[in-house]
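**Q** Mind having a look at this structure? Questions to follow.
Protein chains: 2
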Amino acid sequence: MPQSNPQPTIVLIRPQMGENIGAAARAMWNFGLDRMRIVAPRDGWPNQKAVAMASGAGRLLDEAQLSDDTAGAISDCSFVYATTARPRDLTKPVFTPEAAMKDVRARIAAGEKVAVMFGPERAGMENDDIARANAIISVPVNPDFPSLNLAQCVLLLGYEWRREAVPTESSRVDAVGDWAEQIEIEKLSQHYEERMEEAGFFYPEHKAANMKLNLRNLWSRMPLTRADVQMLHGVMRQMVRWKERG
Amino acid sequence: MPQSNPQPTIVLIRPQMGENIGAAARAMWNFGLDRMRIVAPRDGWPNQKAVAMASGAGRLLDEAQLSDDTAGAISDCSFVYATTARPRDLTKPVFTPEAAMKDVRARIAAGEKVAVMFGPERAGMENDDIARANAIISVPVNPDFPSLNLAQCVLLLGYEWRREAVPTESSRVDAVGDWAEQIEIEKLSQHYEERMEEAGFFYPEHKAANMKLNLRNLWSRMPLTRADVQMLHGVMRQMVRWKERG
Numbered sequence: 009m010p011q012s013n014p015q016p017t018i019v020l021i022r023p024q025m026g027e028n029i030g031a032a033a034r035a036m037w038n039f040g041l042d043r044m045r046i047v048a049p050r051d052g053w054p055n056q057k058a059v060a061m062a063s064g065a066g067r068l069l070d071e072a073q074l075s076d077d078t079a080g081a082i083s084d085c086s087f088v089y090a091t092t093a094r095p096r097d098l099t100k101p102v103f104t105p106e107a108a109m110k111d112v113r114a115r116i117a118a119g120e121k122v123a124v125m126f127g128p129e130r131a132g133m134e135n136d137d138i139a140r141a142n143a144i145i146s147v148p149v150n151p152d153f154p155s156l157n158l159a160q161c162v163l164l165l166g167y168e169w170r171r172e173a174v175p176t177e178s179s180r181v182d183a184v185g186d187w188a189e190q191i192e193i194e195k196l197s198q199h200y201e202e203r204m205e206e207a208g209f210f211y212p213e214h215k216a217a218n219m220k221l222n223l224r225n226l227w228s229r230m231p232l233t234r235a236d237v238q239m240l241h242g243v244m245r246q247m248v249r250w251k252e253r254g
Numbered sequence: 009m010p011q012s013n014p015q016p017t018i019v020l021i022r023p024q025m026g027e028n029i030g031a032a033a034r035a036m037w038n039f040g041l042d043r044m045r046i047v048a049p050r051d052g053w054p055n056q057k058a059v060a061m062a063s064g065a066g067r068l069l070d071e072a073q074l075s076d077d078t079a080g081a082i083s084d085c086s087f088v089y090a091t092t093a094r095p096r097d098l099t100k101p102v103f104t105p106e107a108a109m110k111d112v113r114a115r116i117a118a119g120e121k122v123a124v125m126f127g128p129e130r131a132g133m134e135n136d137d138i139a140r141a142n143a144i145i146s147v148p149v150n151p152d153f154p155s156l157n158l159a160q161c162v163l164l165l166g167y168e169w170r171r172e173a174v175p176t177e178s179s180r181v182d183a184v185g186d187w188a189e190q191i192e193i194e195k196l197s198q199h200y201e202e203r204m205e206e207a208g209f210f211y212p213e214h215k216a217a218n219m220k221l222n223l224r225n226l227w228s229r230m231p232l233t234r235a236d237v238q239m240l241h242g243v244m245r246q247m248v249r250w251k252e253r254g
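Keeping their order, the protein sequence lines are chains A and B. Residue 190 in the working numbering sits at position 182 of the first sequence, and the numbers go up by one each step. Residue 28 in the working numbering sits at position 20 of the second sequence, and the numbers go up by one each step.
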């Protein structure tokens, strides 16, 4: 079956506190993931604390698939990752979140069904469950303080998923109104130069050319909108008026 | 002054709940950031709830610099980013976390002192404070559910900082023990082929060559350790023993 809105399934294995399940749902939906599966939640299901915490992402909990065991939760998936902080005594490929989500995207594009498993709070994943995974995802945390909680792990993977899946301009400048055109910058430049000339700013004489060049360069290197240019004209006109009032 | 362990300074502006300040400290230290400044925390300072939440990252709170206002907190910085979810009516460069942390790294390498500002919970940053920033960082969240909390924002920026600053292999395979050498794979292959030949597995005759090729390929495409190879030999030997017992 072709997937609409293709994405990895998030599998929470034996989560303990409802609040953490709710926080994980929020973290998923923050980055557009909405397929959750839950294996044997400690406090049963549904869980009111999960619902309260998930506010706004409650739909994910309503639609979450429950399983009694890990094998049941991932039975229809062709590739499964286990997220874990500590290396284990298991030979297994280990990916950074970034490399893992690149891999997920490629697999999903090829029609694979992919799941990312997260272990219970504190204890983390058991080796039995890790052995079911095709690969491990390890977040490159500070080795002196590697304590990420469940929702934080989900958040980081969700972030990487969206970073991979949704192309975003890496930087842009949001202009309020139009950018000024070169002729407007040129006129601004002239306005200031003329007034500053009158005011005796370009002194001593042998430095004047360089001072004018620097002033001109200052305007052109600033990304100015039309409104900025008008304001700068206004500043100078006001100084002249103030001077003329004596 | 050259910085030891160069990094951006994290500035929390008018944070409200102590728990969130503590959680932000944890998120920073998870990714190796430990320079925090706090502007006018609502509930005063020090804050016991912050200390309780920060467990393990309490040193950041002890060493945090307090300021009465934003200008005071960033006075010694040459480049300042404001993190904000919503676009504002201010003309300003907008970076993704990734692009921002690349920029931060370049600036720090050039000797600049850089700060990243985070606004209060709920309200987010005020325009007065955003106007003090040289650029904006915007996390590419799901537009239908953009609600990141303070510590989550700090976590994502910290993650990107570390991803930029600390080179990590994007993927590797952790082998427990040594990888098998080709000669060991070859012997394993032969062992299986001989026994399966005895057992009458390669049938019908005209398909035998292809079946052998596929079996051989199966072993060579699996990344096997020496221990794996020994175990696979053991499996086959045991099957033979079992057969011989009748």
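Beta carbons are placed, not taken as given, at the ideal position from N, Cα and C, and that holds for glycine. Please read all numbers here as calculations on a predicted model, not as lab measurements.
(1) Is the beta carbon of Arg43 of chain B less than 8 Å from the beta carbon of Ile18 of chain B?
(2) Is Arg170 of chain A close to chain B, meaning its C-beta is less than 8 Å from at least one C-beta of that chain?
(3) What separation, rounded to the nearest whole angstrom, lies between the Cα atoms of Pro175 of chain A and Leu69 of chain A?
(4) Nearest chain B C-beta to Val162 of chain A closer than 8 Å, yes or no?
(5) Counting Cβ pairs, one atom from each stretch, are 3 or more of them under 8 Å apart for the region 153 to 168 of chain B and the region 157 to 171 of chain A?
(6) Determine the DSSP secondary structure at Trp250 of chain A, reduced to helix, strand or coil.
(7) For a contact meaning CB atoms closer than 7 Å, what does Ala65 of chain A contact in chain B?
(8) Less than 8 Å between C-beta atoms, sequence neighbours within five positions excluded: which residues of the same chain meet that for Ala141 of chain B?
(9) On the criterion of 16 or more Cβ atoms from any shown chain inside 10 Å, does Ile29 of chain A qualify as buried, or is it exposed?
(10) Mind checking which residues open and close the beta strand (DSSP E) that includes Ala143 of chain B?
(11) Where does Pro10 of chain B sit, in a helix, a strand or coil, going by DSSP?
(12) Given a threshold of 16 other Cβ atoms within 10 Å of its Cβ, counted over all protein chains shown, does Leu232 of chain B qualify as buried or as exposed?
(13) Could you tell me the distance, in whole angstroms, from the CA atom of Leu196 of chain B to the CA atom of Ala173 of chain A?
(14) Return the chain-ordered ranges of every alpha helix (DSSP H) run that is complete within the region 120 to 170 of chain A and spans a minimum of 4 residues.
(15) Skipping 5 residues on each side, what residues in its chain have a beta carbon closer than 7 Å to that of Lys220 of chain A?
(16) Nearest CA to the CA of Ile191 of chain B: which residue from B:Met204, B:Ala216 and B:Ser228?
(17) Is the Cβ-Cβ distance between Asn38 of chain A and Asn38 of chain B less than 8 Å?
(18) Please determine, among A:Ala81, A:Trp169 and A:Met36, the residue with the shortest C-alpha to C-alpha distance to Glu114 of chain A.
(19) When you compare the CB of Pro16 of chain A with every CB in chain B, is at least one pair closer than 8 Å?
(20) Is the Cβ-Cβ distance between Glu134 of chain B and Leu158 of chain B less than 8 Å?
(21) From this set, B:Pro23, B:Gly119, B:Leu223 and B:Val102, which residue's C-alpha is nearest Glu177 of chain A's C-alpha?
(22) Beta-carbon separation of Ile144 of chain B and Thr104 of chain B under 8 Å?
(23) Within 10 angstroms of its Cβ, does Asn222 of chain A collect 16 or more other Cβ (buried), or is it exposed?
(24) For Val149 of chain A, return the contacting residues in chain B, with the cut-off set at a CB-CB distance below 8 Å.
(25) Let me know the secondary structure DSSP gives Ala90 of chain B once reduced to three states.
(26) Let me make sure I understand the geometry here. Which of A:Met61, A:Pro54 and A:Val47 has the alpha-carbon closest to that of Ala31 of chain A?
(27) Where does Met25 of chain A sit, in a helix, a strand or coil, going by DSSP?
(28) What is the residue span of the alpha helix (DSSP H) that Met230 of chain B lies within?
**A** Reading it off the structure:
(1) Yes. Within cutoff.
(2) Nearest CB-CB separation between Arg170 of chain A and chain B: below the 8 Å threshold.
(3) For the pair Pro175 of chain A and Leu69 of chain A, the Cα-to-Cα distance works out to about 28 Å.
(4) So, not an interface residue.
(5) Output reads yes: the region 157 to 171 of chain A touches the region 153 to 168 of chain B.
(6) Three-state DSSP puts Trp250 of chain A in a helix.
(7) Going along chain B in sequence order, the residues near Ala65 of chain A (Cβ under 7 Å) are Phe153.
(8) Answer for Ala141 of chain B: Val88, Tyr89, Ala90, Lys100 and Met125, listed in chain order.
(9) Its Cβ being crowded by 16 or more others within 10 Å, Ile29 of chain A is buried.
(10) Here the beta strand (DSSP E) through Ala143 of chain B covers Ala143 to Ile145.
(11) Bear in mind that a pLDDT of 43 at Pro10 of chain B, under 50, signals an unreliable position, so the model cannot answer this.
(12) By the neighbour-count rule (16 or more Cβ atoms within 10 Å), Leu232 of chain B is buried.
(13) If you take the alpha carbons of Leu196 of chain B and Ala173 of chain A, they lie about 42 Å apart.
(14) Within the region 120 to 170 of chain A, the complete alpha helix (DSSP H) runs of at least 4 residues are 135 to 138.
(15) Once the five neighbours on either side are set aside, the close Cβ partners of Lys220 of chain A are Glu201 and Phe210.
(16) Nearest C-alpha to Ile191 of chain B: B:Ser228.
(17) No, the pair does not count as a contact, with Cβ atoms beyond the cut-off.
(18) According to the sequence displayed, residue 114 of chain A carries Ala and not Glu. Nearest to Ala114 of chain A by C-alpha distance, out of A:Ala81, A:Trp169 and A:Met36, is A:Trp169.
(19) For Pro16 of chain A, the closest Cβ of chain B is not nearer than 8 Å.
(20) Going by beta carbons, Glu134 of chain B and Leu158 of chain B fall outside the 8 Å limit.
(21) Checked all of B:Pro23, B:Gly119, B:Leu223 and B:Val102; the closest Cα to Glu177 of chain A is B:Val102.
(22) Ile144 of chain B is not a Cβ neighbour of Thr104 of chain B, given a cutoff of 8 Å.
(23) When all chains shown are included, Asn222 of chain A counts as exposed.
(24) Counting only Cβ-Cβ distances below 8 Å, Val149 of chain A has contacts in chain B at Asn38, Phe39 and Arg170, in chain order.
(25) In this structure, Ala90 of chain B counts as strand in the three-state DSSP scheme.
(26) Of A:Met61, A:Pro54 and A:Val47, the residue nearest in Cα terms is A:Met61.
(27) Reduced to three states, the DSSP call for Met25 of chain A is coil.
(28) Segment: none, Met230 of chain B is in no alpha helix (DSSP H) and carries neither H nor E.
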